[in-house]
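Please read the structure below before turning to the comments.
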Amino acid sequence: MTCFFLYAIFILLICGLIFESLFIYYDYKRRLIHAGWFKSLAAFCFVLIGVSLISDNLLCDYFYFWKLLICLGLFFGMLGDIFRAVCKVSTGTKSKLFNLAGTVAFITGHLLYITTWLTIENHILLPYLIFLPVLYIPTILFVLKKGKRTSKGEKVLGTIYLLIVISMFSVSLSEMLVTRSYIARQFTLGAFFFMTSDIITIGNSIAHRPHKRLRALNLLNYYAGQMIIAFCLLFDKIL
Numbered sequence: 036m037t038c039f040f041l042y043a044i045f046i047l048l049i050c051g052l053i054f055e056s057l058f059i060y061y062d063y064k065r066r067l068i069h070a071g072w073f074k075s076l077a078a079f080c081f082v083l084i085g086v087s088l089i090s091d092n093l094l095c096d097y098f099y100f101w102k103l104l105i106c107l108g109l110f111f112g113m114l115g116d117i118f119r120a121v122c123k124v125s126t127g128t129k130s131k132l133f134n135l136a137g138t139v140a141f142i143t144g145h146l147l148y149i150t151t152w153l154t155i156e157n158h159i160l161l162p163y164l165i166f167l168p169v170l171y172i173p174t175i176l177f178v179l180k181k182g183k184r185t186s187k188g189e190k191v192l193g194t195i196y197l198l199i200v201i202s203m204f205s206v207s208l209s210e211m212l213v214t215r216s217y218i219a220r221q222f223t224l225g226a227f228f229f230m231t232s233d234i235i236t237i238g239n240s241i242a243h244r245p246h247k248r249l250r251a252l253n254l255l256n257y258y259a260g261q262m263i264i265a266f267c268l269l270f271d272k273i274l
């Protein structure tokens with residue numbers, strides 16, 4: 036990896052953090068069009084980081100397939116960000132459709148992350164099946180208890196989404212405990228930030244008095260997770 040390549044990655048990282056900060060600022064000020072642009076640009080920077088990292092030494096990388104899955108997960112996360120940004124500035128049926136498209140894109144990205152770890156190590160299945168209900172059941176009971184004012188469709192979608200995002204954290208946690216690899220530890224940290232962000236998002240959206248500061252905390256968690264997962268691709272070996 037050349038110095039020029041490292042400088043390019045560093046510049047993309049700085050740009051992503053600047054765009055993310057501007058997005059959080061404009062989102063807090065409720066200037067949604069500006070916020071949407073910067074949200075999309077920040078996500079695009081992290082996708083570029085992922086693409087740059089998997090393109091280095093492409094032909095001799097044995098773990099290219101698994102790195103590609105992680106990179107595709109970042110790409111679908113970017114699509115989710117774009118669809119959700121458009122949803123915020125749309126109304127009526129358009130808003131609902133873009134919201135649904137964003138949710139589907141996020142779910143697809145998380146499923147790609149889950150597939151990455153399940154296809155690498157078979158021995159993680161048992162701890163994964165233990166961690167998942169232990170984390171998921173109390174979380175979903177809390178959300179359903181607080182979500183009395185939400186519609187049945189929103190509850191079903193939120194339940195499915197939380198199942199997948201908690202599943203993503205559970206499978207990477209299982210990988211980390213079984214293999215004790217550095218990249219699994221890093222991915223688990225990123226997955227934890229993702230999971231925390233989504234739980235805050237859903238909990239704040241169903242609250243009677245949503246807090247703006249919680250929204251900012253949610254966004255910081257989300258982009259921390261996205262950045263950490265993108266830099267998992269920096270390593271030459273998955274395990």
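Heads up, the final residue of the sequence shown is numbered 274 in the working numbering, and it's a clean run with no missing numbers. Even glycine gets a Cβ: it sits at the ideal position worked out from N, Cα and C.
The beta carbon of glycine 115 lies closer than 6 Å to those of Gly137, Ala140 and Phe141 in the same chain, with the five residues before and after it left out. Looking at the backbone, the Cα of glycine 51 and that of phenylalanine 79 are separated by about 8 Å. With contacts defined as CB atoms closer than 8 Å, proline 162 and valine 213 qualify as a contacting pair. By the criterion of a C-beta distance shorter than 7 Å, threonine 151 is surrounded in its chain by Trp101, Leu104 and Ile105, once the five residues flanking it on both sides are discounted. In the three-state DSSP reduction, arginine 220 falls in the helix class (H, G or I). At least 8 Å separates the beta-carbon of tyrosine 196 from that of serine 232.
DSSP places cysteine 267 in no alpha helix (DSSP H); its state is neither H nor E.
Taking the CA atoms as reference points, alanine 265 sits about 24 Å from asparagine 134. Taking C-beta atoms as the reference points, phenylalanine 229 and valine 200 count as a pair closer than 8 Å.
Arginine 66 carries a coil assignment under DSSP once its states are collapsed to helix, strand and coil.
Straight across, the Cα-Cα distance linking lysine 129 with cysteine 122 is about 7 Å.
The alpha-carbon of threonine 154 is positioned some 30 Å away from that of leucine 47.
Cβ neighbours of isoleucine 59 within its own chain (closer than 6 Å, five residues either side excluded): Ala251 and Leu254.
In this structure, methionine 113 and valine 86 do not form a Cβ contact; the two beta carbons are roughly 11 Å apart against a cut-off of 8 Å.
For a cut-off of 8 Å, the C-beta gap from alanine 70 to phenylalanine 54 is around 11 Å, too long to register as a contact.
With a beta-carbon spacing of about 25 Å, phenylalanine 45 and tyrosine 61 fall beyond the 8 Å limit used to define contacts.
Counted as a single uninterrupted DSSP element, the alpha helix (DSSP H) harbouring arginine 119 occupies residues 99-123.
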